[in-house]
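Going letter by letter, the sequence shown gives residues 1 to 965 in the UniProt record's numbering. The C-beta atom is built at its ideal place from N, Cα and C for all residues, glycine as well. Small disclaimer: the values here were computed from a predicted structure and weren't measured. Below: the structure, in C-alpha cells.
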Amino acid sequence: MEPDPQAGVQVGMRVVRGVDWKWGQQDGGEGGVGTVVELGRHGSPSTPDRTVVVQWDHGTRTNYRAGYQGAHDLLLYDNAQIGVRHPNIICDCCKKHGLRGMRWKCRVCFDYDLCTQCYMHNKHDLAHAFERYETAHSRPVTLSPRQGLPRIPLRGIFQGAKVVRGPDWEWGSQDGLVCWWGHCLPGGEGKPGRVVDIRGWDVETGRSVASVTWADGTTNVYRVGHKGKVDLKCVGEAAGGFYYREHLPRLGKPAELQRRVSADGQPFQHGDKVKCLLDADVLRDMQEGHGGWNPRMAKCIGQTGTVHRITDRGDVRVQFSHKTRWTFHPGALTKHNSCSVGEVVRVIDDLDTVKRLQAGHGEWTDDMAPALGHIGRVLKVFGDGNLGVLVSGKLWTFSPSCLVAYRPEEDANLDVAERARENKSSLSVVLDKLRAQKSDLEHPGRLVVEVALGNVARALDLLRRHPEQVDTKNHGRTALQVAAYLGQVELARLLLQARAGVDLPDDEGSTALHYAALGNQPEVARVLLSSGCGANALNSTRSSALHVAVQRGFLEVVRVLCERGCDVNLPDAHADTPLHCAISAGTGASGIVEVLTEVPGIDVTATNSQGFTLLHHAALKGHTLAVRRILARARQLVDAKKEDGFTALHLAALNDHREVAQVLIREGHCDVNVRNRKLQSPLHLAVQQAHVGLVPLLVDAGCSVNTEDEEGDTALHVALQRHQLLPLATDGAGGDPGALQLLSRLQASGLPGSAELTAGAAVACFLALEGADLSYANHRGRSPMDLAAEGRLLKALQGCAQRFRERQAGGGAAQGPRLALSAPNTVTNLHVAAPSGPEAAECLVCSELALLVLFSPCQHRTTARRWSAPPPPPAHRGSWWRSCRAAIGRWRSASPAPSASTATSASCSSAVTAPARPAALRSAPAPSAASPSATASRSSCSPRPLPRSAATARDRLRKPLLCVL
C-alpha cells in the first residue's frame, strides 16, 4: 500500500490542534481553526521538510510539525478547500450531492453516508461505528462509535464572525479603507465586516471563501483557504459547529490507497478487459504519480479496454483502440471480461500478441491475419467464454482478450469507412445465405429469396398467389428492404403496389429507406420517399437514413434525402446531427458538407452529447470547409464556449489545425485572447502541445504573450516547462511552414540556427522577441528567468528581450504582419504612431516630450514629468484626458527617476511586473507600504479604487489594472 497523494498535506487545508500540541494558546485556544499556507522544504532552517506554516483565524502565523521527528501537532478538520470531492456520493442527511471534504460511511446501515458537517453535528445513530474516507480513492479508516466521546466546539471565521483585512489581502479599498492611487488615507481603517456565508469557489473548491458584508453595505467574497490564501483576520469569533478529536486524521500522516488491484478487488493480468467507471475529476486526481492526466482520457470513461501490460510501478497500461493507450492507476479500473451478442468490437492489431492469446482459445491460423485491426460483430458467445466474431464477412473464434470495444466516436475520421464495410459485409453474408437457400417455392420466406436473386417474374407470381406474404421476413429482412439495398427499382415498385410495409423495421429498427441509404441507391430512395415513407425514421442507434448515407459517404443519396425534406437537424444516440457525422468523416465528405450546409433549415447551433457545437466539432477535426460554411451562416458563434470554456480557436490550437485557426481569425474575426475555465488562451494551448507553427500565427493576430493562466503561467512559462528536448522539425518533407516562419524570424534577429534549438527553446525565444516578460512571476513565484536554468538559453532569451526593447524604443514594428484586432477588455481602439526615438516621444496628455513610462501590451506611454506622479482625480481632468482602459500587464520607466521636487513618489527605473493574483480571485491590488515594489508601482500605474456597486462578486474580484491614457 502507498500514500494517497491527495490526502497528503496541501496548502488550503483547515486544521485544529492535534495530539502532540505543546504550543499553548497560539491557536487561540482549543477549537481554534487555522489554514495551512506554506509547506516545509528540505534545507530550510525555519520550515524544514514535514513541517507546515499555519495562519490561524485570529491572526497568528507560525510553523508546526506535520510528521517532523515523528510528531503531529495538528489534526485535519476539512480538506474540501483543496478540491476533495466524492462525485457520486450523497449525504443521506442534508442530501447534498457530490459530497465535499471527508466522507463518513456507516458500517451498520447499508449505503449510508454523511458529510463532515452532519457527522460532527451528531446526525444518525451515535452507537453506530463509521468509516472515514479522506478522499474519493483512499482506503477507509474504521472508527469507534461517537457515543460518549468528547465533542469540541469550533471557533473562528464562520458565519457571523467579525473580520478585518488579513495577511493575503489584495483587494484595495473594498473593506472601506480609503485609498487613492496607491496612497491609503484615514477614514475607514478598523471598521470590521460580518461573514454572512462560507461557500466554495465555483466547482473548484469547497468551503474555501467567505462572503463578507462591510460597514458601508457592500458584500464581496474573500479567500479562506482557496489556493492556500487567507484574506481575512477574525476579530470576533463565531461558532462553527463541533468536531470529534479522536476521529480526525493527523496532518502529515496520509491515508493509504487501495491495493494495486482493480476497483472490484481483482488483480490484473495481461489481456483482461477493463473499464474506468469513475468521475473525470476523481480520475484526474488519482492519476497524479500514476501515468499523469490527459483531458483525452475522459473519453475513455465507461469504455472497455484491454490490459496491455503492468508497469514496473504496478500501474496498468490499457489499450482502448488500435492506436490509443493510457496508463491508469489500478484502483481506477474495473475488470470487464464479457461481450454480448451483437456488440461491435475491434480485433487488436498486434500479431504476436494475438497468436499468444489465441492459444487454447480457438487457436491461430494465418487466414485470420486480415482480420487484425478490423471491426466486427459478436455473433455467438461460447460456453468457454470465447467469442464468434464476424469480420469482413468471415466468422472467426477469438479469445475476448484479443478484442477491444468499438465506439464510433473514438476515431470517426478513420472508422466511418470501416464501419460501412462491416455493415455491408454482414448484409452481404445474409444475401449469400438467401441466394443459396433451397426452400420450397411455397415457403413463406421465398419471396425474399426471389428478390435477392433478382427474379422479377417469380416474385410477381408469388405476390399474386400469396399477397399476404409481402412483409414476411427471411433472416430478419423483408423483400422490400432487400430490394432497396440492392437497388432493384422495378421490384421495389411492385412490392409497394402490393402494399408492402414501407416503414416496417428490421430487428435493428432499420426501414427500407435505411437500406437504400446503406446500399447507395438514390433512385430507390426517391421511389420510397414518393410513396410516403417516413423520411425521418430512426433505427436502434437513433440514426436516420440521412445519418446512414452521410456516414457511408454517399453524396447522391444525401442529395436526394435533403431535396425531399429529410430533417438535417435530427440527433442520433450521441446527439450528433448528420453534419456532425459529415465533419467526422473528414475532407473526403466535403461534398456532403456543402449539400448539408445549403439546406435552409439547418441548425448550425446544434450541440452533441460531448458539448461540441458544429463549429467546435469542425475545429476539433480540422475541417476547414465546414468552419467556413458554418461561419458564413452564423459568425456570432465564433467565440461560443463549451462547458470547459473552450472556443473553436482553443480546439484548433490544441490540435494543431493551422488552416482552421487562420479562417477563425481572418474570416471569423474571433477573439484571440479568449480564455477557457483554466484561464488558458489559445496561445497557451499551442505552446503546451509544442505546435510551433501555430505560435507566430496567434501572436501576429494579436494574442497577448503575457496573459496568465490559473497557475499564473504565461505562454513563456509553459514553453520553458515543456518540450525542452523535443526537436524543432523544420526540414524535409515534414517541415512545418509555420515553424519555418518562426525560425526565419529568429534568425533575422541574429539567433542560432535550427540545429541548435529545441522546440521549447525556439518558442521561448520567439515569445521573448515579441515582448514576453522574462521577470513575470507565476503563483509559485517562478519567473521565466528562473525556469531557464541552462546558461545559453537564458542568454538567448535576454538577447531576444533586448531586441524587443530596441525595436520598441526605435519605433520598429514587430516582424511579420500583425492584425489590428481589438482585445475584449479594450473599450476604444486607440492607435498611436510609435515615436522615431526616445527624445521624440510625445505625451498623449499634454504633448510634452521625452518618454517616461511605457505601458504593455497597449503600448501607450506618458512623457511629461508631472505625470510620473499620480494623475489627477477624474473630476479635475480636462477634456483632453484620454481613456484607453486596456489591461496593463507591465510598465517601465525609460528615463531617470524624477527628484522629490518634481514627483510625489520615486519613479520606477526598470521594468516592473504587475503583481500576480490568483487567477480565480482577480482584483486590482493595493500594494502595501512595506512592499518593496509598492513605491515603484505607484510612480507608473497605480490602480483605481474598486467601485462600490451592485456588481457581482466575481466581476469586482476580476478587475485588472487599467490604462487611463
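What three-state label does DSSP hand residue i in the structure shown?
| i | result |
| --- | --- |
| Asp78 | strand |
| Glu134 | coil |
| Gln319 | strand |
| Asp239 | The residue you asked about is not Asp; residue 239 is Ala in the sequence shown. Three-state DSSP puts Ala239 in a strand. |
| Leu462 | helix |
| Tyr485 | helix |
| Asp352 | helix |
| Ala772 | coil |
| Val53 | strand |
| Arg745 | helix |
| Asp786 | helix |
| Gly314 | coil |
| Phe110 | coil |
| Thr714 | coil |
| Cys581 | helix |
| Lys253 | coil |
| Tyr244 | coil |
| Lys227 | helix |
| Arg938 | A caution first: Arg938 carries a pLDDT of 32, below 50, which makes its placement in the model unreliable, though a value can still be read off. Helix. |
| Val19 | coil |
| Val687 | helix |
Taking all protein chains shown into account, decide if residue i is buried (16 or more other Cβ within 10 angstroms of its Cβ) or exposed.
| i | result |
| --- | --- |
| Lys795 | exposed |
| Phe612 | buried |
| Gln117 | buried |
| residue 1004 | A query on residue 1004 cannot be resolved here, the shown segment of the chain reaching from 1 to 965 and no further. |
| His684 | buried |
| Ala690 | buried |
| Arg132 | buried |
| Ser543 | buried |
| Leu126 | exposed |
| Ala457 | exposed |
Taking the beta strand (DSSP E) that residue i falls in, what are its first and last residues?
| i | result |
| --- | --- |
| Gly83 | It is not in any beta strand (DSSP E) - Gly83 carries neither H nor E in the DSSP assignment. |
| Asp197 | Gly193 to Trp201 |
| Phe328 | Thr324 to Phe328 |
| Ser208 | Thr205 to Thr213 |
| His308 | Thr304 to Ile310 |
| Glu38 | Gly34 to Leu39 |
| Cys276 | Lys273 to Cys276 |
For the alpha helix (DSSP H) containing residue i, list its first residue and its last residue.
| i | result |
| --- | --- |
| Leu797 | Gly791 to Ala809 |
| Ile665 | Arg658 to Arg666 |
| Glu450 | Arg446 to Leu453 |
| Gly156 | No alpha helix (DSSP H) holds Gly156; the beta strand (DSSP E) holding it covers Ile152 to Gly156. |
| Arg377 | Where Arg377 is concerned, there is no enclosing alpha helix (DSSP H), although the beta strand (DSSP E) it sits in stretches over Ile375 to Val381. |
| Cys670 | Careful: Cys670 lies outside any alpha helix (DSSP H) and carries neither H nor E. |
| Val695 | Leu694 to Asp700 |
| Pro522 | Pro522 to Ser530 |
So residue i and residue j are supposed to be a Cβ contact under 8 angstroms. How far apart are they, rounded?
| i | j | result |
| --- | --- | --- |
| Gly12 | Val36 | 7 angstroms |
| Gly781 | Ala719 | About 19 angstroms; that fails the 8 angstroms criterion. |
| Glu770 | Val687 | Not really, about 12 angstroms apart at Cβ, beyond 8 angstroms. |
| Leu664 | Cys670 | 5 angstroms |
| Val448 | Val489 | That pair is no contact at about 17 angstroms. |
| Val221 | Pro192 | That belief does not hold up - the Cβ atoms of Val221 and Pro192 are roughly 16 angstroms apart, past 8 angstroms. |
| Asp272 | Arg223 | Asp272 to Arg223, Cβ: 45 angstroms. No contact. |
| Ala215 | Ala161 | Not confirmed; about 15 angstroms, so no contact. |
| Ile301 | Arg346 | Their Cβ separation, rounded to whole angstroms, is 18 angstroms, which puts Ile301 and Arg346 out of contact at 8 angstroms. |
| Val672 | Phe766 | Not confirmed; about 16 angstroms, so no contact. |
May I ask you to list the residues that DSSP assigns as paired with residue i?
| i | result |
| --- | --- |
| Val558 | Per DSSP, none; premise fails for Val558. |
| Ile90 | His97 |
| His72 | Ala66 |
| Leu395 | Leu390 |
| Ile602 | In DSSP, Ile602 forms no bridge with anything. |
| Ile592 | Bridge partners of Ile592: none, in fact. |
| Leu403 | Val347 |
| Thr142 | Glu131 |
| Lys162 | Arg194 and Gly236 |
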